[in-house]
Ligand code: PRT
Ligand code: ZN
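In the working numbering, the protein residues as written are 2 to 294.
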């Protein structure tokens with residue numbers, strides 16, 4: 002392969018848009034159109050390999066791609082059923098979150114894990130499900146289905162299902178209720194332990210540092226406010242996940258200061274109310290686009 006770093010990304014689907022968005026936030030300039038399998042990044046020696054999500058772990062394992070962005074659910078399943086030894090999760094990316102759950106008829110006899118003994122469970126994740134049942138000493142039979150798993154109980158293919166859930170609307174529409182979460186999943190960055198060579202390693206290190214910046218800035222906010230000097234300590238305690246805030250005297254008033262801080266934890270309305278109760282005024286909460294330490 003050339004000296005260009007190759008990233009396997011889902012071409013189309015629930016992971017694709019947010020994967021492209023994250024790479025664009027990292028400063029990669031590219032466009033994805035037509036049926037092409039490769040998209041060339043214009044401003045860095047990187048190519049995107051555009052494929053089905055299920056193929057991503059295998060492509061990373063066999064060197065067709067250097068790294069990949071994929072759902073942890075797919076990675077975990079491939080780890081148990083395919084030969085992808087040496088491929089590991091490097092970063093959790095915080096998007097495409099969903100849970101792999103066990104679910105059954107909301108009014109039926111299966112309400113807990115134990116009720117699954119001697120039952121049939123339909124799933125697209127036989128590896129993860131079999132391992133989970135074994136760990137929990139449940140003797141049930143897995144029936145593999147590639148899609149439409151939620152329909153299995155209704156047509157008597159299975160007594161329960163093991164499927165991904167995000168909003169829960171699909172389960173509800175089919176009269177099913179989730180009673181156990183097997184895996185909490187999100188998009189992950191995966192890489193094989195194979196040596197990249199110096200050139201690609203340099204590009205990879207640069208990209209990873211940008212990804213870290215994007216991950217950190219995602220949940221972070223910049224807070225600016227004015228407050229009486231006497232309230233600095235009280236207000237500093239309320240600012241969520243921030244280091245020592247910057248304190249700037251306000252020229253016109255000796256007693257009043259401006260405080261500014263990066264908050265790495267969520268800033269809720271309740272936080273703003275607490276700041277106000279402690280004397281803060283003119284409170285501004287700003288999104289942070291990029292961060293690098
Ligand atoms: O074509 P390709 O093989 O690449 O895509 P795909 O059809 O296999 O996968 P796709 O695009 O549907 O999902 C890609 C990845 O997105 C998954 O592997 C998960 O990591 C993640 N993801 C996040 C989800 C969901 N949320 C999700 N809700 N994947 C699937 N679903 C399905 C679920 O299977 C069920 O049918 O959505 C339905 C439930 O959704 P709710 O909102 O009704 O609960
Ligand atoms: Zn798929």
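C-beta: ideal position from N, C-alpha, C; glycine also. Note that this is a predicted model, so its numbers are computed, not measured.
- For residue 76, the enclosing alpha helix (DSSP H) covers residues 73-82.
- Under the criterion of beta carbons closer than 8 Å, residue 78 and residue 133 do not qualify as touching, at roughly 12 Å.
- When DSSP states are grouped into helix, strand and coil, residue 223 belongs to the strand group.
- A Cβ-Cβ contact shorter than 8 Å links residue 102 with residue 181.
- Within the same chain, Cβ atoms closer than 6 Å to the Cβ of residue 91 are found at 190 and 192, the five residues on either side in sequence being excluded.
- Pairing residue 58 with residue 187, the inter-Cα distance amounts to about 15 Å.
- Relative to the ligand PRT, the nearest heavy atom lies less than 7 Å away from the CB of residue 54.
- Less than 8 Å separates the beta-carbon of residue 229 from that of residue 256.
- Secondary structure of residue 202 (DSSP, three-state): helix.
- The three-state secondary structure of residue 212, taken from DSSP, is helix.
- DSSP links residue 164 through a beta bridge to 102.
- Straight-line spacing of the CA atoms in residue 268 and residue 276 works out to 11 Å.
- Take the alpha-carbon of residue 146 and the one of residue 70: they are about 24 Å apart.
- Taking 8 Å as the upper bound for CB-CB distance, residue 239 and residue 279 are in contact here, some 6 Å apart.
- Under the DSSP assignment, residue 151 falls outside any beta strand (DSSP E); it carries neither an H nor an E label.
- As DSSP reads the structure, residue 264 sits in a beta bridge with 222.
- Taking residue 112 as reference, the option from 93, 148 and 179 with the minimal CA-CA separation is 179.
- Cβ-Cβ distances below 6 Å link residue 100 to 166, 182 and 185 in the same chain, with the five nearest sequence neighbours on each side left out; the list follows chain order.
- A Cβ-Cβ contact shorter than 8 Å links residue 172 with residue 104.
- Two segments are said to touch when three or more pairs of C-beta atoms, one from each, lie closer than 8 Å; by this definition the segment 21-39 does not touch the segment 146-155.
- Distance between residue 210 and residue 140, taken at the CA atoms: about 46 Å.
- Residue 5 and residue 13 have their C-alpha atoms some 23 Å from each other.
- With a threshold of 16 other beta carbon atoms within 10 Å, residue 74 meets it and is buried.
- Excluding residues up to 5 positions away in sequence, 48 lie with their Cβ nearer than 6 Å to the Cβ of residue 41 in the same chain.
- Taking C-beta separations shorter than 7 Å and ignoring five residues to either side along the sequence, the partners of residue 215 in its chain run 23, 26 and 27, following chain order.
- When rounded, the separation of the alpha-carbon atoms in residue 9 and residue 80 is 17 Å.
- In this structure, residue 16 keeps its C-beta atom at 8 Å or more from the C-beta atom of residue 56.
- Annotated as distal: residue 233 and residue 263, with beta-carbon spacing of 8 Å or more.
- Across the set 161, 85 and 213, the C-alpha of 161 shows the shortest separation from the C-alpha of residue 118.
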